[in-house]
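Using my numbering, the first residue of the sequence shown is number 3, and each one after it goes up by one.
As structure tokens, the structure follows; a few thoughts come after it.
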Amino acid sequence: MYPPGAGAARIAPLDLARLLAAVGGPDAMWTDIRVVEQTASTNEDVLKLGRDGAPEGLVIAAESQTAGRGRQGRSWQTRPSGALTFSVLLRPESVPQAARGWMPLLAGVATARAVRQVAAVDARLKWPNDVLLGGGKLAGILAEQSGDAIVVGIGINVLGRDHDLPIATATSLERGGAGQTDRTDLLAEILRQLEHWYLRWRETGSGDAAGSGLRPEYVLLCATLGRLVRVQLPGERMLTGTAVDVDGAGQLLIRRDGGDVVAVSAGDVIHVR
Ligand code: BTN
Numbered sequence: 003m004y005p006p007g008a009g010a011a012r013i014a015p016l017d018l019a020r021l022l023a024a025v026g027g028p029d030a031m032w033t034d035i036r037v038v039e040q041t042a043s044t045n046e047d048v049l050k051l052g053r054d055g056a057p058e059g060l061v062i063a064a065e066s067q068t069a070g071r072g073r074q075g076r077s078w079q080t081r082p083s084g085a086l087t088f089s090v091l092l093r094p095e096s097v098p099q100a101a102r103g104w105m106p107l108l109a110g111v112a113t114a115r116a117v118r119q120v121a122a123v124d125a126r127l128k129w130p131n132d133v134l135l136g137g138g139k140l141a142g143i144l145a146e147q148s149g150d151a152i153v154v155g156i157g158i159n160v161l162g163r164d165h166d167l168p169i170a171t172a173t174s175l176e177r178g179g180a181g182q183t184d185r186t187d188l189l190a191e192i193l194r195q196l197e198h199w200y201l202r203w204r205e206t207g208s209g210d211a212a213g214s215g216l217r218p219e220y221v222l223l224c225a226t227l228g229r230l231v232r233v234q235l236p237g238e239r240m241l242t243g244t245a246v247d248v249d250g251a252g253q254l255l256i257r258r259d260g261g262d263v264v265a266v267s268a269g270d271v272i273h274v275r
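In structure tokens form, the structure reads like this:
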């Protein structure tokens, strides 16, 4: 459960008219933008509409979620109206399956860039796409694939101090010194950044992260590369080594003590030093 008493602070509601004026329109990528008061999970809603044939460009943002989903089967709790929670539908049909592993990292770049621009804070990335601020987790991103559709769900803690954040390792824009960042401005900028990077990446035809400029941008923002890390792999296995690179499939390359390099496609990274 979210801590009692949370959600009391006032914050401007998401403004659909302003969003549409900023990033909507007949020629825009974001063709169907919706804001709902409450839902179980925006990812679940967008996945369902995607399965029913919705075209790419659908965006659903919610003031609150009752069953938000996180990576690795975890739940995702956010303070009602104190977070930005939304999902988008993309269909990168021309991008080969092997390169689609870059989609979650692309979303991380878009989110970190937008947070840096709108909130003027030093947001960085932890592989694959956690957005960090001052060492705490500011935002989480869950990319789920269903057929040719990829649903990217993003949750950002806007309000919250030490006692009213969902977990000890979380932080918020408020806690990180950005004050009461306007969520409509933030959402509009993330959608702009997503569009920019997605179109560049898709236009390469092969989902070429290096050729599209996405990889260098990721490397610039990533706090994981060059660090000693411990990775909790699916199935409770642990891997320790130095994070040396990200490959063409978005996998993290870890050099172990013995010198061998292991590619990791899923796991939780802990920065050791
Ligand atoms: C993570 O575990 O780091 C990923 C969290 C992703 C949360 C977002 S909030 C909007 C969207 N809807 C969901 O149910 N999950 C994602």
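Even for Gly, the Cβ is constructed at its ideal location relative to N, Cα and C.
None of these values were measured; they are calculated from a predicted model.
Between the ligand BTN and I143, a heavy atom-to-CB distance of less than 7 Å is present. Leaving aside the five residues that flank V233 on each side, the residues in its chain whose CB is nearer than 6 Å to its CB run, in chain order, L241, V266, G269, V271. Counting C-beta atoms within 10 angstroms of its own C-beta, T68 has fewer than 16 neighbours from the protein chains shown and is therefore classed as exposed.
Not one heavy atom of the ligand BTN falls within 7 Å of the beta-carbon of R232. Between the stretch 209-223 and the stretch 103-120, the count of C-beta pairs closer than 8 Å reaches three or more; the two stretches touch. In this structure, G157 has its CB closer than 7 Å to one or more heavy atoms of the ligand BTN.
By the criterion of a C-beta distance shorter than 8 Å, A122 is surrounded in its chain by A180, once the five residues flanking it on both sides are discounted. For A109, there is no enclosing beta strand (DSSP E); the enclosing alpha helix (DSSP H) has its first and last residue at 105-121. V90 is not a Cβ neighbour of V133, given a cutoff of 8 Å. G142 is not a Cβ neighbour of G209, given a cutoff of 8 Å. Residue pairing of S77 in beta bridges, as defined by DSSP: R71. Excluding residues up to 5 positions away in sequence, A114, V117, R118, V133, L135 lie with their Cβ nearer than 6 Å to the Cβ of A125 in the same chain. Counted as a single uninterrupted DSSP element, the beta strand (DSSP E) harbouring L91 occupies residues 85-92. Boundaries around D270 are those of the beta strand (DSSP E), 270-273, since no alpha helix (DSSP H) includes it. Residues of the same chain with a CB within less than 7 Å of the CB of E39, apart from the 5 flanking positions on each side, are E65 in chain order. Scanning its chain for C-beta atoms nearer than 7 Å, with the 5 sequence neighbours on each side dropped, one finds around S43 the residues Q67, A69, G70, R71, in chain order. In this chain, D47 is not harboured by any beta strand (DSSP E); it is covered by the alpha helix (DSSP H) spanning 44-53.
DSSP places D187 in the helix class (H, G or I) of the three-state scheme. In the DSSP assignment, E58 falls outside any beta strand (DSSP E), carrying neither H nor E. DSSP places R177 in the coil class of the three-state scheme, outside both helix and strand. Not a single heavy atom of the ligand BTN lies less than 7 Å from the C-beta of D270.
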